[in-house]
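What follows is one structure encoded as structure tokens, with my remarks underneath.
Residue numbers (our numbering): 40 to 271.
Okay, structure coming up:
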């Protein structure tokens, strides 16, 4: 089921918080062309709830902020785990919660906001605001037209850079959208995995040089490795 030590961490740089990687049911979409992360799921609700409780028991509330992630959307976590999250928030006096959700759940965000006892900042895996690349190459199943539409629902987009087929112009546009429409964001530098989507080393090198200033931007977290948040 995984080792809890790999599922809990402290983020002590930007936006300091505790972070928990929990197990959920399979991603409702599960067909993004670049993603093999969805393998970290289960259909055994009882075992998931037990593991998730072990992980959540590590939360101390010391930073007042908690982020909960899983291999999909928060809506795919077991009902009992959602209750446990609400309980640990109250118990440890957490003041703010980060959740992540796919675009398909956009009309369910408000219900989740009402369910949790603290304000939620919702992340979304946008990957890119270039609609053709997002839909036809990455197969995201997220058909929004632009950043303004995303910003009506979500607080913090996650972008991906350094994929073969992506261009500098696409990345320039994505960063511009991030800074213009959102107060927070995450940029994942793509790493090769078991899928056929490949990393563009030259593009990564360009990005890390051209956008080195983002490393000092308190509102943007740049993940060079998928484990940079200390979990996974």
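We put the CB at the ideal spot given by N, CA and C, even for glycine.
Taking the alpha-carbon positions, what's the residue 176 to residue 131 distance? 43 angstroms
Could you pull out every residue in the same chain whose Cβ sits closer than 6 angstroms to the Cβ of residue 120, ignoring the five residues on either side in sequence? 88 and 91
Once the 5 residues before and after residue 144 are set aside, which same chain residues still bring their CB inside 7 angstroms of it? 112 and 114
What are the boundary residues of the beta strand (DSSP E) that includes residue 138? 135-139
In terms of DSSP beta bridges, what is residue 114 paired with? Residue 114 pairs with nothing; no bridge assigned.
Where do the N-terminal and C-terminal ends of the beta strand (DSSP E) with residue 196 fall, by residue? 195-200
Where does residue 252 land, buried or exposed, given buried means 16+ other C-beta within 10 angstroms? exposed
What's the gap between the Cα of residue 195 and the Cα of residue 83? 31 angstroms
What number of angstroms, rounded off, separates the C-alpha of residue 271 from the C-alpha of residue 126? With a pLDDT of only 49 at residue 271, under the threshold of 50, the placement of this residue in the model should not be trusted, and no figure is reported.
Report the rounded CA-to-CA distance for residue 215 versus residue 170, giving the unit in angstroms. 15 angstroms
Short of 6 angstroms in beta carbon distance, which residues of its chain neighbour residue 164, apart from the five on each side in sequence? Order them along the chain. 197
Tell me whether the beta-carbon of residue 72 lies closer than 7 angstroms to the beta-carbon of residue 236. yes
First through last residue of the alpha helix (DSSP H) which encompasses residue 243: 240-249
Span of the beta strand (DSSP E), counted from its first residue to its last, around residue 56: 56-60
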